[in-house]
Amino acid sequence: MSALTTELPVDPETTTASSSPERVHLVPAELDAIYEEHSRPIYYLALRMLGDPTQAEDATHDVFLKAYRKLGEFKGNSSIRTWLYRITINHCQNLLQTWHRRHIHGTDDESVWERAAGNTDSPLRALETKELGQRIQTTLDALPEEYRLLLLLVADEKLSYEEVGGLTGQTSDAVRGKLHRARKAFAAIFNQTACPPPRSPP
Amino acid sequence: MKHHNSRLNSEGQEQTSSLQNNTEHQSAVEFATAEEMLRHDAEQTAVPPAVADRLQRSVELEPKPTRSWWQRLFGGV
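Sequences listed follow chains A and B, in order. Going letter by letter, the first sequence gives residues 643 to 844 in the numbering used here. Going letter by letter, the second sequence gives residues 153 to 229 in the numbering used here.
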């Protein structure tokens, strides 16, 4: 796939096709291979950022179509996955801003979670059902966008802290520091989303 | 992530996750960290097949790559 050895644009969302000196298209087989390898993490990121499966489908389609159109702007300074993540993050953030959904993202006041948490150091338990996905979504929606994105990216084992830092506009040391607080915030909120045990009859 | 081979809890201690059955014989799963839970969730989340079909149709509608003047002149690829 020699066509993929060009330079990563700083922001593919703000670069127009006309500014590209040469428009390079993926051949279908190349697109198929990229889609096969990366569509799951891209769809999952979109799903958890947007919180809606239908919108996540649309976003995944749009991200790969953009990648198809903008391959000529990809300069290989990062991995394909990191480039796709960049497009996904920008795309989803634009959608979220358009939909004025920022108000549901909760509070940045960490003391809220500190007070709410019974014990955030305990393991996170959940029944292995669809309920888990719903609880995860509820928890992520309540987190600040920065923490939500950080956790979602760090969960991808193929990304390094440096790459996560590059995608979130901070150093790898900052990623490590914020990750600790993001974990605590997630655990505090997640444990609050647990369904109460069934009440025994008096 | 590669640097998460050891699973850390929020105090930085190693902690292994384990699958457990509860008293109601329902499968329950336990995670040491949020990202471990998200990783599991991602593995369970499949991309709807309709996305690939729709993408293929969209790509077929895309304009063909244009050849620059020097490619036309010299017959380059």
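Backbone N, C-alpha and C fix where the C-beta goes; we use that ideal spot for every residue, glycine too.
Residue-level contact by beta carbon fails for Leu737 of chain A and chain B, as no gap is shorter than 8 Å. Taking 8 Å as the CB threshold, Ile778 of chain A lines the interface with chain B. For Leu785 of chain A, no alpha helix (DSSP H) segment is defined, and its DSSP state is neither H nor E.
Look at Val796 of chain A: its C-beta is under 8 Å from a C-beta on chain B.
Contact between the region 799-810 of chain A and the region 778-785 of chain A is not established, with fewer than three Cβ pairs separated by less than 8 Å. At the C-beta level, Tyr685 of chain A and Val211 of chain B stay beyond 8 Å of one another. Residues of the region 181-200 of chain B with a C-beta less than 9 Å from any C-beta of chain A: Val181, Glu182, Phe183, Ala184, Thr185, Ala186, Glu187, Glu188, Met189, Leu190, Arg191, His192, Asp193, Ala194, Glu195, Gln196, Thr197, Ala198, Val199, Pro200, listed in chain order.
Comparing alpha-carbon positions, the option among B:Phe183, B:Glu187, B:Glu182 lying closest to Arg690 of chain A turns out to be B:Glu187.
Burial state of Asp205 of chain B is exposed, judged by a 10 Å Cβ sphere holding fewer than 16 other Cβ atoms. Think of a sphere of 9 Å around the beta carbon of Glu787 of chain A: no beta carbon from chain B falls inside it, the nearest being about 15 Å out.
Nearest to Gly808 of chain A by alpha-carbon distance, out of A:Asp704, A:Lys826, A:Thr724, A:Ala688, is A:Thr724. Closest by C-alpha distance to Leu791 of chain A, out of A:Ala824, A:Ser814, A:Arg777, is A:Ala824. Contact with chain B is absent for Arg790 of chain A, since none of that chain's Cβ atoms lies less than 8 Å from the residue's Cβ.
Under the 8 Å criterion on CB atoms, Phe828 of chain A is classed as interfacial with respect to chain B. When the Cα atoms are used, Pro215 of chain B and Asp798 of chain A turn out to be separated by approximately 34 Å. Annotation: the continuous alpha helix (DSSP H) that includes Trp725 of chain A extends over 722-740.
Legend: CB atoms of the region 675-686 of chain A lying less than 7 Å from CB atoms of chain B belong to residues Tyr677, Ser681, Arg682, Pro683, Tyr685, Tyr686. Between the alpha carbons of Gly693 of chain A and Ala184 of chain B lies a gap of roughly 24 Å. Within chain B, the C-beta atoms nearer than 7 Å to that of Thr702 of chain A come from Val199, Val203, in chain order.
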